[in-house]
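Undergrad:
Here's what the structure looks like:
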């Protein structure tokens, strides 16, 4: 079906890096970039395994107590797509033609490449491939090799190659090289520092075949990667059949049908497809900022998962959501140790991590974003409310208790209430401030929820009373004389950024201005107070939300990909439907159009999740009621109707808004 | 004279590093640590040349726009004190006895070492040495070698050795190795990265001599180091004579005689001696935080010079003061380029530097301390007022104009006045705050002084009117309900540090707590608001000063060596003479007693200057009047009297306070 197919023509930018990202395949365990089968200098092929990383000591210009100690870098392991073909002694030199079609409905990637030798012999490579969701250890390829204008001998080599660090590259610890040296013993590869092991079982082919015009040669290969050296036997066809069934089930529960806008329809499907593909499912891995599609942000897990991705999973794939949440329980001991190291109680989750260790090397925009604690608690609460899964929450309640305990020791009771100082909110263009509105709102929810769970599970004690008290007394800086909610205690006293004299090439600001220049001004990288308004829409007055939107939006550069979707949702709440549509459109097609200019580093996963928020929280105005959910029609003019499903306590609810094209 | 002699017995800590620092000799161009002549594993010998450094790229865990790019490290060049002696084939093994006497009156160091071989042969090495102040390129040694209990043959090698980087040391860019590889060609040594050159002319001796009990062998050597390969011929005796004369003149103008406390008398003389020795005098070098006595702080120049050292030099050695100030004019172009890089107008001086480039690798407690601009302007102003040297100020006025221009662009006019945001004040336990009292006071003075100079030198224009306006409208956060001057806009709203539960081994806090923990509390590393009160004592009401002293002092850890002297001066102002004495005593003998535990890294120069402030601004209450100066008797009980001289506009004024012992 047309709107389930992503083709090269759909991409705004045809650089090889961009194509590799958008057509990448993944299954939560591994991800494979869609690199060209004949190697080129620009190609950045690679297989990523979720949670498989190398560590390097973080070098600081000036070190201090409690700084994060190690980088963790998800590594590019193998080039599994490369094929080497020599025709009558000649190499394939020029790519004459390529077609790519990612069939999102089936989870299969269909590709065609026509290459030519120096003497003009043309060969067509047709590849069907998939990262299996039936057995996540398998990446499967089926090749068809056809001589187009000759008959002759083809020497074919098709084997896995470990991607080697570039020897001529000067070592620069600021840029983490995602390829790395590994120790190999038999079928086992081990990283040198982190000492992690993977095992492989790869089909390989090396031989010479006769090619005749009009007669195809085919080659089927399975590449299996395992953390335990256990491999199941498989047939390509059986796995392919299961793949089709799994994706059918995925779309059955998670698709959003949009009537009246084919571009957006495809955009949102690309987003949901990648979200489904890159999510860790074993309770020990999570969802990197770029999923498993690229090396950006080193494969680290951030708050993105909880605030931008989990709403989608919780409402449509609750079992998968549970696995993502289980990861936070899995790393709770590391978060407790981190809090203790910083001389605070409870648990402080790392701003960015794979293993659970803090790896952010600039604390003012890393560890300082302690709101991640409350973000995590928020996602657990949402999961709990939507699924009613008390059993899981009883297992996981210590995550909520320990994050609440952190707030008790990080904040303090003053004569103004319970204050939280020295935090960085979501907006990274302001750092280390006091009583950030978003942080205090979220911490308040964290504390309240902890007290609720304590009552529910019979864990009440003096400490749980303090959670209640801190939540009740949470201090919020009063609105200013113009009625604006202050982002933090000092924000509204700052000088407003001079947008007029900032040329467009100076964005994103962080690449062109020193933090001191940025921090001292009223300028936002992304939604901050407005993100709180989106979360707490039910308890925030529309007039307040409107005033704050009108004040903060013009101050926001949207230099972060996490910004537009949030402003879009709030615009929907405010009934500004066409404005919401503008924000949403940018978010929904961000990587297709390469809006941020760096899709080659991997998908902007949080923004993809944000586009779900835009549609469901925004256009459909989904909100919880005493009986479950209710929706509103906030559709912009450009969209005629929408249809989607939500799972609530085991039941599937179908929602339709506007005019639906029943086919 | 006893109180002009520093002996081993005067030191609280006899570690070799400590001895090397306290007995180090220097002349502003070079400094030589007083290492043992027979090398030991603990020894950290070295010659430093002022302004001679190597550069290394600064590695950041996470880099950002405008960060400082290179470390600059003053390097340990040669071991010029080592002597190798073999007696009848045996090495000297055990140091049986040593005496050291630094004759501060003459600038000569007298040392005696008795070494013993394995078979018990004892030899006495007597060394007289000095870093010449007559020709600053010369370090002179006169050796007497005596056999104590044998007669035999001594093989003697006495030559300069370049100190090599330790080969077995893992490279760790966080710890800058002060020894470095250099390119050598003939008598020229060149650093590999910074490409700086020095030339040497060293006397060497290598030979065998007959030693007989009771008969001495002597050896006289001159070591000359030059940046230009120009060397003057010299005789040891002539240079020695000049040395004695120069030091006589120094003490004549700069001594402070204290009646009634020999320990303090010696303490202050050690301090003034080292200040005189380590100050750069060529207008292109300055005064490192550790002078030329050790590798601490990499030999960097900080605000220490302007705020802690220059008052001494300005009032007693104005020509030397002028050279230190000329350095700031010399690096003005670098400061202008730095301001432009950060997108501000005027000039922003580097927080730490040798060459003029910013080298602080942690901007919140580095570049963020923009008060250095005003500190520099303050020192120029003080020099100008005390010397009346209009000619120099006309040459140097652009330093004042350009620092004032920086404030105009870094600060902004709001409805509250002229505000300065995102600064770190002197207290590094609070970072990146708004309207720091010290910074705003000092910037106000900087702006006022710029406007005054513009009027004086006929440079008035629209811009100079803005200096006046910004100074007039400078915003100060109002005192709180308890009448306390807020250190900055948020300080008094923070939680007070829990001193009660902080064990003594957790100091200094910066080594045991994460910056987020420290920054979020009311806790000071060093005087901040009180430093402003010291500077602006004339315009600050005593009651205000007293309240602020009583509030801030208990919050101050004095983890910085720049703190005690300031509290001491303010205590004197407040008439709390015995309390002032306690602070002063600690400051005056800090390195003799190794109070901070790291005297081995070099002298605490700023604190040495601070002890001058304690005596002159504090106990003598020196303050300017319309006719020049006036003093008060703020002497503590422990001190009977004081006598010192001040130069004012070319004239020497003698001040006597209390009871003077005329000898």
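Residue numbers (our numbering), protein chains in the order written: chain E, 1 to 663; chain D, 664 to 1326.
For each residue, glycine too, the CB sits at the ideal point set by N, CA and C.
According to the Cβ coordinates, are residue 77(E) and residue 51(E) closer than 8 angstroms?
TA: Numbered from 1 along the first chain, position 77 holds the residue referred to as residue 77(E). Numbered from 1 along the first chain, position 51 holds the residue referred to as residue 51(E). No, the Cβ-Cβ distance between residue 77(E) and residue 51(E) is not below 8 angstroms.
Undergrad: Within 8 angstroms, do at least three Cβ pairs link the segment 291 to 311 of chain E to the segment 668 to 677 of chain D?
TA: no
Undergrad: Taking Cβ positions only, does residue 339(E) come closer than 8 angstroms to chain D?
TA: In the first chain, counting from the first residue as 1, residue 339(E) sits at position 339. False, the Cβ-Cβ gap to chain D never drops below 8 angstroms.
Undergrad: Determine whether the beta carbon atoms of residue 1195(D) and residue 1101(D) lie at a separation below 8 angstroms.
TA: The residue given as residue 1195(D) occupies position 532 in the second chain. The residue given as residue 1101(D) occupies position 438 in the second chain. Closer than 8 angstroms, so yes.
Undergrad: Would you mind reading off the limits of the alpha helix (DSSP H) that contains residue 243(E)?
TA: Stepping through the first chain from its first residue, residue 243(E) is reached at position 243. For residue 243(E), the enclosing alpha helix (DSSP H) stretches over residues 236 to 254.
Undergrad: Is there a Cβ of chain D sitting closer than 8 angstroms to that of residue 493(E), yes or no?
TA: As a working note, residue 493(E) is residue 493 in the first chain. Yes, contact with chain D.
Undergrad: State the DSSP-derived secondary structure class of residue 298(E), mapped to helix, strand or coil.
TA: Residue 298(E) sits at position 298 when you count from the first residue of the first chain. Helix at residue 298(E).
Undergrad: For a contact meaning CB atoms closer than 8 angstroms, what does residue 721(D) contact in chain E?
TA: In the second chain, the residue the question calls residue 721(D) occupies position 58. Within chain E, the residues near residue 721(D) are 61.
Undergrad: Taking the continuous beta strand (DSSP E) assigned at residue 806(D), which residues delimit it?
TA: Residue 806(D) sits at position 143 when you count from the first residue of the second chain. 801 to 810 is the extent of the beta strand (DSSP E) around residue 806(D).
Undergrad: Expressed to the nearest angstrom, what Euclidean distance is found between the alpha-carbon atoms of residue 279(E) and residue 37(E)?
TA: Your numbering for residue 279(E) matches position 279 in the first chain. Your numbering for residue 37(E) matches position 37 in the first chain. Rounded to whole angstroms, residue 279(E) to residue 37(E) spans 26 angstroms at the Cα level.
Undergrad: Whose CA, out of 935(D), 799(D), 705(D), 1256(D), lies closest to the CA of residue 915(D)?
TA: Counted from its first residue, the second chain places residue 915(D) at position 252. Of the listed residues, the one whose Cα sits closest to residue 915(D) is 935(D).
Undergrad: Counting only Cβ pairs nearer than 7 angstroms, list the residues of chain E close to residue 1025(D).
TA: The residue given as residue 1025(D) occupies position 362 in the second chain. Residues of chain E passing the Cβ test: 61, 62.
Undergrad: By the DSSP assignment, the beta strand (DSSP E) with residue 53(E) in it spans what residues?
TA: For the purposes of this step, residue 53(E) is taken as the residue at position 53 of the first chain. Counting along the chain, the beta strand (DSSP E) containing residue 53(E) begins and ends at 53 to 57.
Undergrad: Between which two residues does the beta strand (DSSP E) harbouring residue 653(E) extend?
TA: Against the first chain, residue 653(E) aligns to sequence position 653. It spans 651 to 658 - the beta strand (DSSP E) in which residue 653(E) sits, taken as one unbroken run.
Undergrad: Between which residues of its own chain and residue 836(D) is the CB-CB distance below 6 angstroms, once the five residues before and five after are set aside?
TA: Looking up residue 836(D) in the second chain gives position 173. Below a pLDDT of 50, predicted positions are generally treated as unreliable, and residue 836(D), at 43, falls in that range; the measurement from the model is reported next regardless. Hits under 6 angstroms: 722.
Undergrad: Taking only beta carbons into account, state which residues of the segment 1174 to 1199 of chain D come closer than 8 angstroms to chain E, listed in chain order.
TA: 1174, 1175, 1176, 1177, 1178, 1179, 1180, 1182, 1183
Undergrad: With 8 angstroms as the threshold, decide whether the Cβ of residue 666(E) is near any Cβ in chain D.
TA: Lying outside 1 to 663, the shown extent of chain E, residue 666(E) is not represented and no answer is given.
Undergrad: DSSP puts residue 1056(D) in a beta bridge; with which residues?
TA: Counting from one through the second chain, the residue named residue 1056(D) turns up at place 393. Answer by DSSP bridge pairing: none, since residue 1056(D) is not bridged.
Undergrad: For residue 611(D), which residues from the same chain have a beta carbon less than 7 angstroms from its beta carbon, with the 5 sequence-adjacent residues on both sides left out?
TA: Because chain D spans 664 through 1326 in this model, residue 611(D) falls outside it and cannot be assessed.
Undergrad: What does residue 577(E) reach in chain D if we use C-beta pairs closer than 9 angstroms?
TA: The residue given as residue 577(E) occupies position 577 in the first chain. In chain order: nothing, as chain D lies at least about 37 angstroms away.
Undergrad: Step through the CB atoms of chain E and report whether any lies within less than 8 angstroms of the CB of residue 1097(D).
TA: Stepping through the second chain from its first residue, residue 1097(D) is reached at position 434. Output row for residue 1097(D): interface = yes.
Undergrad: Tell me the rounded alpha-carbon separation between residue 598(E) and residue 730(D).
TA: Residue numbering aside, residue 598(E) sits at position 598 when the first chain is read from its first letter. Residue numbering aside, residue 730(D) sits at position 67 when the second chain is read from its first letter. Near 23 angstroms, if we compare the C-alpha coordinates of residue 730(D) and residue 598(E).
Undergrad: Check the Cβ of residue 601(E) against every Cβ in chain D and list those closer than 9 angstroms, keeping chain order.
TA: Numbered from its first residue, the first chain carries residue 601(E) at position 601. By Cβ distance, chain D contributes nothing, its closest Cβ being about 16 angstroms from residue 601(E), past 9 angstroms.
Undergrad: Measuring only the C-alpha atoms, how far is residue 1034(D) from residue 281(E)?
TA: Indexing the second chain from 1 puts residue 1034(D) at position 371. Indexing the first chain from 1 puts residue 281(E) at position 281. Straight through space, the alpha carbons of residue 281(E) and residue 1034(D) are spaced by roughly 53 angstroms.
Undergrad: Leaving aside the five residues before and after residue 553(E) along the sequence, list all residues of the same chain whose C-beta is less than 7 angstroms from its C-beta, in chain order.
TA: Counting from 1 along the first chain, the entry for residue 553(E) is found at position 553. Only 567 meet the Cβ criterion.
Undergrad: Taking Cβ-Cβ distances below 9 angstroms as the criterion, which residues of the segment 366 to 395 of chain E are in contact with chain D?
TA: 366, 367, 368, 370
Undergrad: Along chain D, which residues have their Cβ under 9 angstroms away from the Cβ of residue 421(E)?
TA: Position 421 of the first chain, counted from the first residue, corresponds to residue 421(E). Correct list: 1153, 1156, 1157, 1158, 1182, 1183, 1184.
Undergrad: Express the C-alpha separation of residue 388(E) and residue 647(E) in angstroms, rounding to a whole number.
TA: Here residue 647(E) refers to the residue found at position 647 of the first chain. Here residue 388(E) refers to the residue found at position 388 of the first chain. Roughly 11 angstroms between the two C-alpha positions.
Undergrad: Among residues of its own chain, excluding the 5 on either side of residue 850(D), which ones have a beta-carbon nearer than 8 angstroms to its beta-carbon?
TA: Counting from 1 along the second chain, the entry for residue 850(D) is found at position 187. Counting only Cβ-Cβ distances below 8 angstroms, and skipping sequence neighbours, we find 862, 863, 864, 892.
Undergrad: Please go through the same chain and pick out, in chain order, the residues whose beta-carbon is closer than 8 angstroms to the beta-carbon of residue 1234(D), but skip the five residues on each side of it.
TA: Taking the first residue of the second chain as 1, we reach residue 1234(D) at position 571. Result list for residue 1234(D): 1212, 1240, 1242, 1243, 1246, 1281, in chain order.
Undergrad: Drop a sphere of 10 angstroms on the beta-carbon of residue 878(D), count the other beta-carbons inside from all chains shown, and report buried for 16 or more, exposed for fewer.
TA: Locating residue 878(D) in the second chain gives position 215, counting from the first residue. It is exposed - the Cβ of residue 878(D) has fewer than 16 other Cβ atoms within 10 Å.
Undergrad: Check residue 836(D) in the structure and name its three-state DSSP category.
TA: Within the second chain, the letter at position 173 stands for residue 836(D). Any reading at residue 836(D) must be qualified, since the residue scores a pLDDT of 43, below 50, and its modelled position is unreliable; no value is offered.
Undergrad: Is there at least one Cβ from chain E nearer than 8 angstroms to residue 1075(D)'s Cβ?
TA: Position 412 of the second chain holds residue 1075(D). Yes, because at least one Cβ of chain E sits closer than 8 angstroms to the Cβ of residue 1075(D).
Undergrad: Any C-beta of chain E sitting closer than 8 angstroms to the C-beta of residue 729(D)?
TA: Indexing the second chain from 1 puts residue 729(D) at position 66. For residue 729(D), a Cβ of chain E is located within less than 8 angstroms of the residue's own Cβ.
Undergrad: Would you say residue 342(E) lies against chain D (beta-carbon separation less than 8 angstroms)?
TA: What you label residue 342(E) is simply residue 342 of the first chain in a count that begins at 1. By this cut-off, residue 342(E) is an interface position.
Undergrad: Using the C-alpha atoms, what's the distance from residue 133(E) back to residue 242(E)?
TA: Counting from 1 along the first chain, the entry for residue 242(E) is found at position 242. Counting from 1 along the first chain, the entry for residue 133(E) is found at position 133. One C-alpha to the other measures close to 8 angstroms.
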